[in-house]
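**Q**
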Amino acid sequence: MTVLQNCINKKSNVNCIWLMRQAGRYLPEFREIRSKNQDFIELCLNENLSSEITVQPLRRFNIDAAIIFSDILLLPFALGQPVKFKKDLGPLLGEINFNKMSKVNEMQFIDKLKPVYNAIKKTKDKAELKNKDLIGFVGAPWTILIYMLNQKSPKNDDIELTLKDKKFIEDLLEVIVRYLKIHINNQIESGATIIQIFDSWAGLLNNKDYDKYIYNPTKDLVNFVKSKKTPVICFPKGISDYKNYVSLVKPDVISIDYNVDPKKISESIDIPVQGGLNPNFLIGDKEELKANAKKYLDIFKDKPYIFNLGHGVLPNTDPGMVDYLVKFVKNYS
Ligand code: 1CP
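Okay, so the sequence shown: first residue is 879 according to my numbering, each after it adds one.
1) Note down the Cα distance separating Thr-1040 from Asn-891, rounded to an integer number of angstroms.
2) Does the ligand 1CP have even one heavy atom less than 7 Å from the beta-carbon of Phe-963?
3) Looking at the strands, I want to know which residues DSSP matches up with Tyr-904.
4) Does the beta-carbon of Lys-965, which I'm using as the reference point, lie nearer than 7 Å to any heavy atom of the ligand PLP?
5) Can you have a look at Phe-1046 and say buried or exposed, based on whether 16 or more other CB atoms are within 10 angstroms of its CB?
6) Might you give, ordered along the chain, the residues of its own chain that have their beta carbon closer than 7 Å to the beta carbon of Val-1110, omitting 5 neighbours on each side?
7) Could you pull out every residue in the same chain whose Cβ sits closer than 8 Å to the Cβ of Tyr-1174, ignoring the five residues on either side in sequence?
8) Would you call Gly-1017 buried or exposed, if buried means 16 or more other Cβ atoms sit within 10 Å of its Cβ?
9) What does the Cβ neighbour count give for Glu-1067, buried or exposed, with the cut at 16 atoms within 10 Å?
10) Count the other CB atoms within 10 Å of the CB of Asp-1089; is the residue buried (16 or more) or exposed (fewer)?
11) Measure the alpha-carbon distance for Ile-1143 versus Val-982 and round it to whole angstroms.
12) Candidates Phe-976, Pro-954 and Ser-980: which alpha carbon is nearest Pro-969's?
13) When DSSP labels each residue in this structure, what does Pro-993 get in the three-state scheme?
14) Compute the Euclidean distance between the alpha carbons of Thr-932 and Val-881, then round it to the nearest angstrom.
15) Tell me the DSSP bridge mates of Gln-1074?
16) I need the DSSP call for Ser-1133, collapsed to helix, strand or coil.
17) For Ser-1078, which of Trp-896, Ala-1070, Tyr-1057 and Ile-1117 has the nearest alpha-carbon?
18) Report the CB separation of Pro-993 from Glu-925 in whole angstroms; it is logged as a contact under 8 Å.
19) According to DSSP, what are the bridge partners of Tyr-1183?
20) Grab me the residues of Pro-1114's own chain with a C-beta within less than 6 Å of its C-beta, minus the 5 sequence neighbours each way, in chain order.
21) I need the straight-line Cα distance from Leu-1192 to Phe-1159, nearest angstrom please.
22) Would you say the beta carbon of Ile-1132 comes nearer than 7 Å to a heavy atom of the ligand 1CP?
23) Name the one or two DSSP bridge partners that Cys-894 has.
24) From what residue to what residue does the beta strand (DSSP E) around Ala-943 run?
25) Leaving aside the five residues before and after Cys-894 along the sequence, list all residues of the same chain whose C-beta is less than 6 Å from its C-beta, in chain order.
26) Any heavy atom of the ligand 1CP inside 7 Å of the beta-carbon of Pro-1019?
27) Let me check one thing: in DSSP terms, what residues is Phe-963 bridge-paired to?
28) Name the DSSP beta bridge partners of Lys-1030, please?
29) Taking 7 Å as the cut-off, is the C-beta of Leu-951 nearer than that to any heavy atom in the ligand 1CP?
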């Protein structure tokens, strides 16, 4: 059993921790690689470098899992939609050519993402991963759909506009779900031991549309991961009702964002919980960080809990603060 799995099964009283975006811009060793590799997609598809970046945080911190260095937007990329990352602007996607996209077959798709699968295989064999999980991931269907339609990070008022053409969207959603399953399957086959589904834009949708765009397609993916005997963590950031989400989508673990009241969740949800701490606390002072981390640890003391943040580590975080947090969590009892 890995540290993380022991921890969520309450088979040991060791606290477990990993952090969303634990690999990335706040680490000088990542920035060094990044500065020599301007094309972000190419970097994700460089199996040696992406495997190296994946283990970088494990060399520094006593964290219990690695998450493969990749991006949720490799899915539209592998379906033939152009994807570029512009400095300080975030992702920019090209037009969708649905005709061309419908003609992409499974083999071509897997071929394009082969370096991700090879990076997972490589990473699994590294000493740093001993007794630790390697987390594979995808974007949730809704979040992928939004990026594909909006062609960049969305804002609140973009949504109505983008959701107008219902038939097209239904067809597109079907393609997305089909290929997300293929991508998940290949990550598991290559050695990913847990899958996390990131629904970063769940909070943008109106409740009335949850069934169609969030609950149904995500549940389909969750069932697929479970059928592969692999635990699945869902992170529906900003969703209005986590309890309802859990009862409908039924993930193995629910990852909460920083706006969720941890006390209420701990009292109303009976599956393992992950995360919650606002990543801004890693930018403030140590005492405040400690007090807020302790709040989560106290609340979830007797429950299965994976310590994590309520969203990713911010680029201006001092790695020393991350080290302080990891040590505090590991030593808490
Ligand atoms: O410029 C750079 O150097 C790239 C920054 C960066 C990094 C380090 C991007 C661009 N993606 C990643 C890696 C990444 N992305 C990981 C792997 C490693 C890890 O967590 O340690 C993961 C899991 C993701 C997932 C991802 N990509 C999400 C879901 C999680 C989240 O943050 O909400 C999303 C929304 C993306 C899209 C994306 N990728 C990158 C950017 C700048 C964005 C846009 C974010 C936004 O729209 O706000």
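All C-beta atoms, glycine included, are put in the ideal place defined by N, C-alpha and C.
**A** According to the structure shown:
1) 47 Å
2) Result yes, Cβ under 7 Å from the ligand 1CP.
3) Listed as beta-bridge partners of Tyr-904 by DSSP are no residues whatsoever.
4) The ligand content of the structure shown is limited to the ligand 1CP, which means the ligand PLP is not among them.
5) exposed
6) Ile-1073, Ile-1075, Val-1100, Val-1103, Lys-1104, Pro-1129 and Asp-1130
7) Its chain contains Pro-1140, Gly-1154, Leu-1155, Tyr-1183 and Phe-1185 as the residues whose beta carbon lies nearer than 8 Å to that of Tyr-1174, once the 5 sequence neighbours on both sides are disregarded; these appear in chain order.
8) buried
9) exposed
10) exposed
11) 42 Å
12) Nearest option by C-alpha distance: Pro-954.
13) Pro-993 falls in the helix class under three-state DSSP.
14) 18 Å
15) Gln-1074 is bridged to Phe-1015 and Ile-1111.
16) strand
17) Out of Trp-896, Ala-1070, Tyr-1057 and Ile-1117, Ile-1117 has the C-alpha closest to the C-alpha of Ser-1078.
18) 4 Å
19) For Tyr-1183, which the question treats as bridged, DSSP gives the partners Val-1151.
20) Asp-1077, Ala-1080 and Tyr-1123
21) 10 Å
22) no
23) Ile-1184
24) 943-945
25) Val-881, Leu-882, Cys-885, Asp-942 and Ile-1184
26) no
27) Pro-969
28) Leu-970
29) Yes; taking the cut-off as 7 Å, the Cβ of Leu-951 has a heavy atom of the ligand 1CP nearer than that.
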